[in-house]
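Notes follow once the structure below has been shown.
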Ligand SMILES: NC(=O)c1ccc[n+]([C@@H]2O[C@H](COP(=O)([O-])OP(=O)(O)OC[C@H]3O[C@@H](n4cnc5c(N)ncnc54)[C@H](OP(=O)(O)O)[C@@H]3O)[C@@H](O)[C@H]2O)c1
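Numbering (the working numbering), first residue to last: 3 to 235.
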């Protein structure tokens, strides 16, 4: 297992707080340069401060994932910093207010699918082909173990779509050095997970690094669980 990502560049969506912030720290600990992201630059300051203790490069971009146009603008910001992204960590997502399943407004479905699925697909479209051309890359997509909660259907359906897209893209990358996988972080005490969740946010490390440090012929289109690694170094 090669636990060294020196000189690689990663882009982590939603790394201003929560699980994404831990992912950014985990990457820097493995020597990786990181472009972090939040909806505005003020929100990214804390993560940048935490990353300053590492000798790696870190910088921030900001933007909404709630429309194709704002995602396109974000992609060009990232490319200005580093045209060749080696690691795309699709972490940002939104949930929805608990609602009786037949009463969800379609605007809620649309927003959740846009941020959680369409933006993720657009980011894969932007950075996946370059990884394929260079024959190296890692894409990790945040999934969820959510089940039997129709009151959060837009969120859970969006994660099922992420799982399926991951499998389809894995087939596209099958004979290359690019690996794409899903990762379920566990139920984590963050703004999204809420205060009653089982695990502290730090518990996602080192597991969230697992889909990045696999061999080039390693798992592809698979489902990692970060909590499985919580007793690993
Ligand atoms: N927490 C859990 O229990 C749990 C369980 C299973 C899966 N997950 C998944 O893990 C991932 C991270 O979750 P988390 O709990 O760390 O969430 P979180 O604490 O709510 O953080 C969300 C992050 O996404 C960004 N973000 C939110 N809405 C956005 C938008 N419209 N456009 C662009 N960026 C946006 C936020 O940026 P700002 O700071 O700028 O708002 C923030 O960096 C998500 O994919 C989630 O579905 C979480």
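Quick reminder that beta carbons are idealized off the backbone N, C-alpha and C, glycines included.
Beta carbon of residue 63 nearer than 8 Å to that of residue 21: no
Heavy atom of ligand 1 within 7 Å of residue 61 beta-carbon: no
Rounded C-alpha distance that separates residue 57 from residue 8: 10 Å
Presumed contact (8 Å Cβ cut-off) between residue 123 and residue 76, rounded CB distance: Residue 123 to residue 76, Cβ: 14 Å. No contact.
Alpha-carbon spacing of residue 17 relative to residue 207, whole angstroms: 14 Å
Beta-carbon gap between residue 103 and residue 153 smaller than 8 Å: yes
Residue 197 Cβ short of 7 Å to ligand 1 heavy atom set: no
Residue 111 in three-state terms, based on DSSP: helix
Status (buried if at least 16 other CB within 10 Å, exposed otherwise) for residue 78: exposed
Cβ neighbour criterion (16 or more within 10 Å) applied to residue 100: exposed
Chain-order list of residues whose beta-carbon lies under 8 Å from that of residue 197 (same chain, five-residue window excluded): 191
Those residues which DSSP pairs with residue 144 across a bridge: 185
Residue 187 CB to nearest heavy atom of ligand 1 below 7 Å: yes
Pair within 8 Å by beta-carbon distance, residue 162 and residue 106: no
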